[in-house]
Every structure is written in C-alpha cells, then in structure tokens.
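The structure appears below as structure tokens.
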Amino acid sequence: MRNEPQNPGMSQVERVLLDRALADPDAFADIIERHQAMVYSLAYNFFQNRTLAEDIAQDAYLELYRNLGKLESDLHLGFWLRQTVTRKCIDQTRRLKHRRHQALEDAPEPGWEPPESDPLLADEINSKVALLPEKMRAVVILRFQEDLKLSEIGEILEMPVNTVKTTLRRALQRLRPKVAHLEEGAVYGPIRA
Amino acid sequence: MDLFELELERRLARREPPRGFSNKVMARVREEIREEPGEASRARTARPRRIGVRWLSDALSWGRGGRKAWTWGVTGALAATLAVGAFVENRKVEQRRRAVEQAQAEQAEAELVDALFVTGAKIHLARERAGAWKGD
Chain A
62 MRNEPQNPGM SQVERVLLDR ALADPDAFAD IIERHQAMVY SLAYNFFQNR TLAEDIAQDA
122 YLELYRNLGK LESDLHLGFW LRQTVTRKCI DQTRRLKHRR HQALEDAPEP GWEPPESDPL
182 LADEINSKVA LLPEKMRAVV ILRFQEDLKL SEIGEILEMP VNTVKTTLRR ALQRLRPKVA
242 HLEEGAVYGP IRA
Chain B
4 MDLFELELER RLARREPPRG FSNKVMARVR EEIREEPGEA SRARTARPRR IGVRWLSDAL
64 SWGRGGRKAW TWGVTGALAA TLAVGAFVEN RKVEQRRRAV EQAQAEQAEA ELVDALFVTG
124 AKIHLARERA GAWKGD
C-alpha cells in the first residue's frame with residue numbers, strides 16, 4: 062500500500078537515491094517521484110485545494126534539496142518529508158486564519174483561491190476533515206491516509222501517544238455525527254432493502 | 004476499523020499530483036542552484052553534524068527534539084530557581100526566628116535582674132524596719 066518502508070532506518074534504495082542526488086542534482090527527480098503522491102496528498106487532504114497543495118509540496122521538496130546533506134542514516138526520508146509537509150500545512154493554516162482577520166488592503170492577491178472554493182470540497186467527509194482544527198486534522202490524515210501507528214504520529218507531531226489517541230477519538234466523534242446521513246445510504250448504499 | 008473509518012481511509016487515500024509536478028520542482032531546484040550555487044552546494048553536501056553539535060543545534064532550533072530540549076531546559080531552570088528561592092527564604096525565616104528568640108531571652112534576663120534588684124531592695128528595707136522595731 063505504501064511506497065516507502067515502514068522501518069525507522071533509511072532503506073538501501075533511499076540511501077542510494079540520496080547519494081546520487083548529492084552528486085547530481087538531476088537525480089533528485091527520482092526522490093521526488095518516489096514520494097510525490099504521499100507529499101502532495103498530505104497537503105491536498107489538509108486543504109482540499111490543488112494549488113495550495115502543490116505549492117506546499119514543492120516547498121517541502123525544495124527544503125529537502127537544501128537539507129540533503131544533513132539527512133543522517135537514522136533519519137528516515139519518509140519520516141522527514143511527512144513531518145516537514147505536516148508542519149508546513151499547520152503553519153499555512155495558522156497564516157490563513159491570521160489573514161482572515163487582516164484589513165481589506167492586506168487581502169491576498171487576485172488569483173489565490175481560498176480552500177472553500179475548490180469544487181471537490183462538496184465532498185462531505187473531506188470537507189468536514191478540512192474544517193477540523195489543524196493538529197486534529199493532521200492526526201486524522203496521518204492515520205487514515207498514511208496508515209501510521211499512533212506512536213509514529215506522535216513522533217511526527219511531537220505529541221505524546223496518549224494525546225494522539227485522545228485527539229483522534231475526538232476528531233472521529235466530531236466527524237461521525239456530521240456525516241451520519243451518509244452512513245445511512247448515500248455512501249454505502251441503503252441499509253434497509 | 005468500522006465502516007465509517009474504512010470510508011474515511013478511502014476518501015483520504017493518496018492521489019498523484021498534477022502532471023508536470025516533478026518538472027516544476029526540478030525547475031525551482033535549478034533556479035536555486037543558479038542563484039546561489041555555492042551555498043546550495045555546501046548545504047547539500049554538508050557532512051552530518053557531530054552528536055554534541057547536533058544536540059546543541061537541535062536544542063536551539065525548532066527542529067527534531069529542539070522543542071523538547073527547550074521545554075526540559077526551561078522546566079529545569081524554573082525548578083532550580085524555585086528550589087534556591089525556597090532555600091534562601093527558609094534561611095531568612097530561620098534567622099529572623101533566632102533573632103526574635105535572642106531578643107526575648109535578653110529581655111527576660113533584664114527583667115529577672117530588675118526583679119532580683121527589687122526583691123533585694125525590699126528585703127533590705129524589711130530588715131531595716133525589723134531592726135528598728137527591735138531597737139524600739
């Protein structure tokens with residue numbers, strides 16, 4: 062299901078890719094392609110906005126390129142990317158919140174689309190996920206998109222496992238009642254014949 | 004995992020980025036190399052930091068373990084400040100208590116001396132009167 066291995070150490074393939082990228086910048090494209098679905102999807106599921114997701118994913122890769130030499134053998138590339146993208150998403154959410162309170166002359170430039178304008182937001186579950194508080198959203202996405210264990214999520218978000226567990230439970234409580242009507246038929250088909 | 008969670012997993016499944024994503028990133032990478040070739044190259048090929056330097060750097064940054072180190076550092080400093088403050092305050096209270104006790108002891112001693120003096124004077128007076136009665 063997942064592209065990269067789940068063990069904490071860096072895989073041999075990734076080490077080779079990193080070494081190649083260090084020697085030849087064009088080889089960096091292999092690293093991008095290996096993880097792009099994960100990186101882009103984390104940002105997309107966070108904002109439900111393609112443009113914003115692409116920008117954040119690009120920024121994360123650019124940061125990875127700048128830090129290629131600093132990645133150590135005990136630091137998993139997938140872990141680094143997940144943590145970086147999640148942090149960028151959380152920071153961006155806070156910036157967007159702050160921007161909403163700014164005066165009109167400080168409004169974003171034309172062409173920037175707020176997350177709500179994406180037509181895919183019509184999707185009930187995804188839109189409800191996108192409305193969760195940022196840390197709660199990150200926990201849900203890392204759990205259900207990346208299929209990570211609670212301890213792994215805790216490492217990425219630097220949260221104790223029990224906090225992750227509580228956050229996830231509260232997030233699911235928030236999501237369930239709001240999409241209850243979907244469970245009755247719209248998603249799974251009619252329960253009663 | 005129940006039906007709802009399975010549906011959530013399906014809705015949040017990974018998806019591929021738009022076509023040309025990789026090329027756009029590479030274009031930005033090449034642009035960065037053009038703008039700052041020396042710095043970009045140095046950053047990419049920098050050797051992993053030694054453990055001590057890495058810990059210090061992490062502790063001073065927002066990065067891996069940095070916030071934890073800061074939190075522990077600040078907590079430790081606060082605890083140490085509180086402990087030293089409590090010790091100093093305790094010593095001051097003890098000194099004040101001793102001073103009060105000493106003053107009370109000195110006052111009691113002075114009162115005792117006064118009492119003895121008065122008693123002696125009264126005894127002397129009583130003896131004089133007794134001697135006078137005998138003389139009569």
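Taken in sequence, the protein lines are chains A and B. Under this note's numbering, the final residue of the first sequence carries the number 254; numbering is consecutive throughout. Under this note's numbering, the final residue of the second sequence carries the number 139; numbering is consecutive throughout. Virtual Cβ for every residue (Gly too), placed ideally from N, Cα, C.
What is the DSSP secondary structure of His137/A, counted as helix, strand or coil? In this structure, His137/A counts as coil in the three-state DSSP scheme.
Drop a sphere of 10 angstroms on the beta-carbon of Pro20/B, count the other beta-carbons inside from all chains shown, and report buried for 16 or more, exposed for fewer. buried
Which term fits Ser178/A, buried or exposed, when burial requires 16 or more other beta carbons within 10 angstroms of its beta carbon? Note that Ser178/A scores 40 on pLDDT, short of 50, meaning its location in the model is unreliable; the coordinates nonetheless yield the value given after this. Taking all protein chains in view, the Cβ of Ser178/A is surrounded by fewer than 16 other Cβ atoms within 10 Å, so the residue is classified as exposed.
Leaving out the 5 sequence neighbours to the left and right, which residues in its chain are closer than 8 Å to Arg37/B when beta-carbon positions are compared? Excluding residues within five positions, none has a Cβ falling inside 8 Å.
Short of 6 Å in beta carbon distance, which residues of its chain neighbour Gly246/A, apart from the five on each side in sequence? Order them along the chain. Residue confidence is low: Gly246/A scores 47 on pLDDT, short of 50, so the model does not pin down where it sits. Its coordinate-derived value is still stated next. Cβ neighbours of Gly246/A beyond the five flanking positions: none.
Going by Cα to Cα distance, which pick from Leu142/A, Ile217/A, Leu129/A, Lys131/A is closest to Ile117/A? Leu142/A
Can you tell me whether Pro221/A is buried or exposed, with buried defined as 16 or more other CB within 10 angstroms of its CB? Under this definition Pro221/A is an exposed residue.
Closer than 9 Å, CB to CB, is Phe205/A near chain E or not? Within the model displayed, chain E is absent; protein chains A and B are what it includes.
Give the C-beta separation of Thr154/A and Leu203/A to the nearest angstrom, bearing in mind that I take them to be a contact with Cβ-Cβ under 8 Å. Not confirmed; about 15 Å, so no contact.
Can you name, in chain order, every residue of its own chain whose Cβ lies under 6 Å from the Cβ of Ala129/B, other than the five neighbours on each side? Correct list: empty, nothing qualifies.
Distance CB(Leu218/A)-CB(Leu229/A) smaller than 9 Å: no
Let me see if you follow: with CB-CB separation under 9 Å, is Gln234/A close to chain B or not? no
Is the CB-CB distance between Leu79/A and Ile93/A below 9 Å? no
Within 10 angstroms of its Cβ, does Glu112/B collect 16 or more other Cβ (buried), or is it exposed? exposed
Which residues, taken in chain order from the region 101-117 of chain A, show a beta carbon closer than 7 Å to some beta carbon of chain B? Tyr101, Ser102, Tyr105, Asn106, Arg111, Glu115
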